[in-house]
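Trainee: After the structure tokens below, expect a handful of questions from me.
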Amino acid sequence: MGRTQIAIIGAGPAGLLLGQLLHKYGIDNVILERKDPDYVLSRIRAGVLEQGAVDMLDEAGVSARLHREGLVHDGIEIAFGGVRHRIDLKQASGGKSVTVYGQTEVTRDLMEARAEAGLTTIYDAADVSLHDFDGANPTVRYVKDGATQELACDFMAGCDGFHGISRLSVPAGAVRNFERIYPFGWLGLLSDTPPVSPELIYTNHERGFALCSMRSKHRSRYYVQCSLDDQVEQWSDDRFWEELKRRLDPEAADHLVTGPSIEKSIAPLRSFVAEPMRFGKLFLAGDAAHIVPPTGAKGLNLAASDVHYLSTALREFYAEKSSAGIDAYSGRALARIWKAERFSWWMTSMLHRFPDSDGFAGRIQSAELDYLVGSAAATASLAENYVGLPY
Ligand code: RFL
Ligand code: PHB
């Protein structure tokens, strides 16, 4: 049987960042990942990093390329009624910005650093199961190349995303789930075309929400709100570009450069929190414990703040023989998570088309948007949340 201090389930951004920080603190860890590295890198997801997440990547020693290639954004645009309004994030938040750098690139940088440090990641680990995390001999079992293996550990970190096994390993009575499902999805398209505008544009339109984002000065990421019944095959590139253009303000529609898609996918929108995030010697972090709709760009950033609380808690445990950090982990993480849940739910509510039989919700939405761009206090509140609340 193998042995490690921390068994990490999942080699997404949460698991990889946790592993890298623990290694810096002299804490030994092994990552078990169900898929292969190429599959993990093929998932096109987040694009916006808060300063807190950038600081953590700095601390982990994996940010050289991020600082070379990442785009620092001081503002975003909110469009409604065919008019764009710039939110000066930097000015409204007292000097903070966000960095546009894809999750794929963060993951690649973390994978390379892990390989360089000679740390163990077991890819294609099937049937991972967690045992005795409430007892004296926590053990993770998995199947690799047809053989069952066992890994003994001090603690387990469940970083295996929303569909992972960690949260499901906890007895149903020990966990409480909170959930909202939204009645629409996002259809995303990635293309090697220059972004329509230097900053992100979030658009409220009667045909539905649209978002213009990017990965670099040559690669764009666009989203349109779609029906949950839509299949990606029903959306040719031409249909996507035409729908996006109809939702953009005239100037943006005019400037939009279209091209063949590199990737196209539909994601459902969900708010979800599992409480608590610690069960004896098992901790949950990232999407394994919570999901936000992508409208606030908070998912990856919450994974980073969870990892901050968890890595510092484990460091305290080993270096100072103190359990204070691990005892406080769930409460500290959840206090920040719920604020990001609120923000993501609010951004989603303000910007999407909902079924609205009498039009009341639509009028409230218009008033909300008008208030947002017309009030310094409302603008400051959006900016403070978008750049990221303190850890
Ligand atoms: P991940 O990335 O899902 O990684 C979990 C890993 O665990 C593995 N796994 C298992 N391994 C072993 N055994 C099992 N039984 C396992 N089950 C699963 C999986 O294969 C996987 O490799 O979770 P993590 O690390 O917590 O990271 C969370 C982020 O990926 C997620 O929050 C963000 O992508 C959310 N998100 C965004 N976040 C932002 O901060 N800013 C954004 O702009 C942003 N945009 C987005 C997004 C998510 C999106 N989708 C598709 C969900 C845009 C979209 C469209
Ligand atoms: C993205 O670039 O994928 C992205 C950006 C901002 C969001 C969501 C997704 O709010």
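Per the working numbering: the sequence shown = residues 937 to 1327.
In this text, a Cβ means the ideal position worked out from N, Cα and C, and glycines have one as well.
(1) Between which two residues does the beta strand (DSSP E) holding Gly1328 run?
(2) So does Ala1237 have its beta carbon nearer than 8 angstroms to some heavy atom of ligand 1?
(3) Can you find the residues in the same chain that come closer than 7 angstroms, C-beta to C-beta, to His1154, ignoring five residues on each side of it along the sequence?
(4) Could you say if the stretch 1091-1105 and the stretch 1223-1237 meet the contact criterion of at least three C-beta pairs nearer than 8 angstroms?
(5) What residue ranges within the stretch 1039-1065 form continuous alpha helix (DSSP H) runs of no fewer than 4 residues, ordered along the chain?
(6) For the stretch 1207-1279, list the beta strand (DSSP E) runs that are entirely contained and at least 3 residues long, ordered along the chain.
(7) Taking only the alpha-carbon atoms, compute the straight-line gap between Tyr975 and Gly1109 and give it to the nearest angstrom.
(8) Should the stretch 1190-1202 be regarded as contacting the stretch 1270-1281, the criterion being three or more beta carbon pairs within less than 8 angstroms?
(9) Got a sec? Which residues, its chain only, sit under 6 angstroms from Phe1114 by beta carbon, not counting five neighbours each side?
(10) Taking the C-alpha atoms as reference points, what is the distance between Leu1066 and Leu1318?
(11) Using the three-state DSSP reduction, which class does Asp1024 fall into: helix, strand or coil?
(12) Give every residue of the same chain whose Cβ lies closer than 6 angstroms to the Cβ of Leu1126, excluding the five residues on either side of it in the sequence, and list them in chain order.
(13) Would Val1338 be called buried (16 or more neighbouring beta carbons within 10 Å of its own) or exposed?
(14) In the DSSP assignment, find the alpha helix (DSSP H) that holds Asn1073 and state where it starts and stops.
(15) Any heavy atom of ligand 3 closer than 8 angstroms to the CB of Gly988?
(16) Between which two residues does the beta strand (DSSP E) containing Thr1084 stretch?
(17) May I ask you to list the residues that DSSP assigns as paired with Tyr1158?
(18) Roughly how many angstroms separate the alpha carbons of Met1047 and Ser1302, rounded to a whole number?
(19) Which residue marks the beginning of the beta strand (DSSP E) containing Ile967, and which one marks its end?
(20) DSSP puts Val1079 in a beta bridge; with which residues?
(21) Would Arg1183 and Gly1144 qualify as a contact pair, given that the criterion is a beta-carbon distance under 9 angstroms?
(22) For Arg1299, count neighbouring C-beta atoms within 10 Å of its own C-beta (all shown protein chains included) and say buried if the count is 16 or more, exposed if not.
(23) What residues in its chain sit with their C-beta under 8 angstroms from that of Lys1181, if we drop five residues either side in the sequence?
(24) List the whole-angstrom C-beta distance separating Leu1236 from Tyr1265, where the pair is believed to meet the contact cut-off of C-beta under 8 angstroms.
(25) Using three-state DSSP, classify Arg939 as helix, strand or coil.
(26) Determine the extent of the alpha helix (DSSP H) in which Val976 is found, giving its start and end residues.
(27) May I ask you to verify whether the stretch 1249-1267 touches the stretch 996-1007, counting CB pairs closer than 8 angstroms and requiring at least 3?
(28) Kindly examine ligand 1 and report whether one of its heavy atoms sits closer than 8 angstroms to the Cβ of Pro949.
(29) Measure the alpha-carbon distance for Ala1053 versus Leu957 and round it to whole angstroms.
(30) Closer than 8 angstroms: is that where the CB of Tyr1037 sits relative to any heavy atom of ligand 1?
(31) Please check the pair Val1132 and Cys1148, which I expect to be a contact at CB under 8 angstroms, by giving their CB distance rounded to whole angstroms.
(32) Please classify Thr1139: does DSSP put it in a helix, a strand, or coil?
(33) Would you kindly work out how many angstroms separate the C-alpha atoms of Thr1035 and Ala1072, rounded to a whole number?
(34) Which whole-angstrom value describes the C-beta separation of Val1079 and Ala1051, a residue pair presumed to lie in contact below a C-beta threshold of 8 angstroms?
(35) In the DSSP assignment, find the alpha helix (DSSP H) that holds Ile1300 and state where it starts and stops.
(36) Check whether the Cβ of Cys1095 sits closer than 8 angstroms to any heavy atom of ligand 1, and report yes or no.
Mentor: According to the data block:
(1) Outside the displayed range of the chain (937 to 1327) lies residue 1328, so it cannot be described from this structure.
(2) Translated into the one-based positions of the sequence shown, residue 1237 becomes position 301. A quick correction: the sequence has Asn, not Ala, at residue 1237. Result yes, Cβ under 8 angstroms from ligand 1.
(3) Within the sequence shown, numbered from 1, the residue matching residue 1154 stands at position 218. Here the set comprises Asp1128 and Pro1130.
(4) yes
(5) 1039-1052
(6) 1218-1220
(7) Residue mapping note: residue 975 aligns to position 39 of the sequence shown, counting from 1. Residue mapping note: residue 1109 aligns to position 173 of the sequence shown, counting from 1. Cα to Cα, the separation comes out at about 34 angstroms.
(8) no
(9) Here the question's residue 1114 lines up with position 178 in the sequence shown. Only Val1209 meet the Cβ criterion.
(10) Taking the first residue of the sequence shown as position 1, residue 1066 is located at position 130. Taking the first residue of the sequence shown as position 1, residue 1318 is located at position 382. About 40 angstroms.
(11) Against the sequence shown, residue 1024 aligns to sequence position 88. It is a strand residue.
(12) Walking along the sequence shown from the start, residue 1126 turns up at place 190. Ile980, Arg1157, Ile1198 and Glu1199, listed in sequence order.
(13) In this structure the chain extends from 937 to 1327, so residue 1338 is not present and cannot be described.
(14) Position 137 of the sequence shown, counted from the first residue, corresponds to residue 1073. Element bounds for Asn1073: n/a, residue is neither H nor E.
(15) As for ligand 3, it is missing from this structure, which binds only ligand 1 and ligand 2.
(16) Position 148 of the sequence shown, counted from the first residue, corresponds to residue 1084. Thr1084 -> beta strand (DSSP E) spans Ala1083 to Ala1088.
(17) Here residue 1158 refers to the residue found at position 222 when the sequence shown is read from its first residue. Its beta-bridge partners are Leu1125 and Cys1148.
(18) Translated into positions along the sequence shown, residue 1047 becomes position 111. Translated into positions along the sequence shown, residue 1302 becomes position 366. So the two alpha carbons sit approximately 44 angstroms from each other.
(19) Along the sequence shown, one-based indexing puts residue 967 at 31. Counting along the chain, the beta strand (DSSP E) containing Ile967 begins and ends at Asn965 to Leu968.
(20) One-based indexing of the sequence shown puts residue 1079 at position 143. Its beta-bridge partners are Ala1062 and Thr1084.
(21) Stepping through the sequence shown from its first residue, residue 1183 is reached at position 247. Stepping through the sequence shown from its first residue, residue 1144 is reached at position 208. For Arg1183 and Gly1144, yes; Cβs fall inside 9 angstroms.
(22) Looking up residue 1299 in the sequence shown gives position 363. Label assigned to Arg1299: exposed.
(23) Against the sequence shown, residue 1181 aligns to sequence position 245. Closer than 8 angstroms at the Cβ level, and outside the excluded window around Lys1181, lie Ala1189 and Leu1192.
(24) Walking along the sequence shown from the start, residue 1236 turns up at place 300. Walking along the sequence shown from the start, residue 1265 turns up at place 329. Not confirmed; about 19 angstroms, so no contact.
(25) Position 3 of the sequence shown, counted from the start, is the residue given in the question as residue 939. DSSP places Arg939 in strand when its eight states are reduced to three.
(26) One-based indexing of the sequence shown puts residue 976 at position 40. Where Val976 is concerned, the enclosing alpha helix (DSSP H) stretches over Pro973 to Ser978.
(27) no
(28) Along the sequence shown, one-based indexing puts residue 949 at 13. Yes, Cβ of Pro949 sits closer than 8 angstroms to a heavy atom of ligand 1.
(29) Taking the first residue of the sequence shown as 1, we reach residue 1053 at position 117. Taking the first residue of the sequence shown as 1, we reach residue 957 at position 21. Taking the straight line from one Cα to the other gives about 12 angstroms.
(30) Position 101 of the sequence shown, counted from the first residue, corresponds to residue 1037. No, Cβ of Tyr1037 sits at least 8 angstroms from all heavy atoms of ligand 1.
(31) Here residue 1132 refers to the residue found at position 196 when the sequence shown is read from its first residue. Here residue 1148 refers to the residue found at position 212 when the sequence shown is read from its first residue. At roughly 5 angstroms, the Cβ-Cβ gap stays under 8 angstroms, so Val1132 and Cys1148 are in contact.
(32) Within the sequence shown, the letter at position 203 stands for residue 1139. Three-state DSSP puts Thr1139 in a strand.
(33) Along the sequence shown, read from residue 1 onward, the residue named residue 1035 stands at position 99. Along the sequence shown, read from residue 1 onward, the residue named residue 1072 stands at position 136. Distance between the alpha carbons of Thr1035 and Ala1072 is about 43 angstroms.
(34) Residue 1079 sits at position 143 when you count from the first residue of the sequence shown. Residue 1051 sits at position 115 when you count from the first residue of the sequence shown. So it is not a contact: roughly 23 angstroms between Cβ atoms.
(35) Taking the sequence shown and counting its residues from 1, the one referred to as residue 1300 is at position 364. Start and end: Phe1296 to Gly1310.
(36) Working through the sequence shown from its first residue, we reach residue 1095 at position 159. Flag set: Cβ of Cys1095 near ligand 1.
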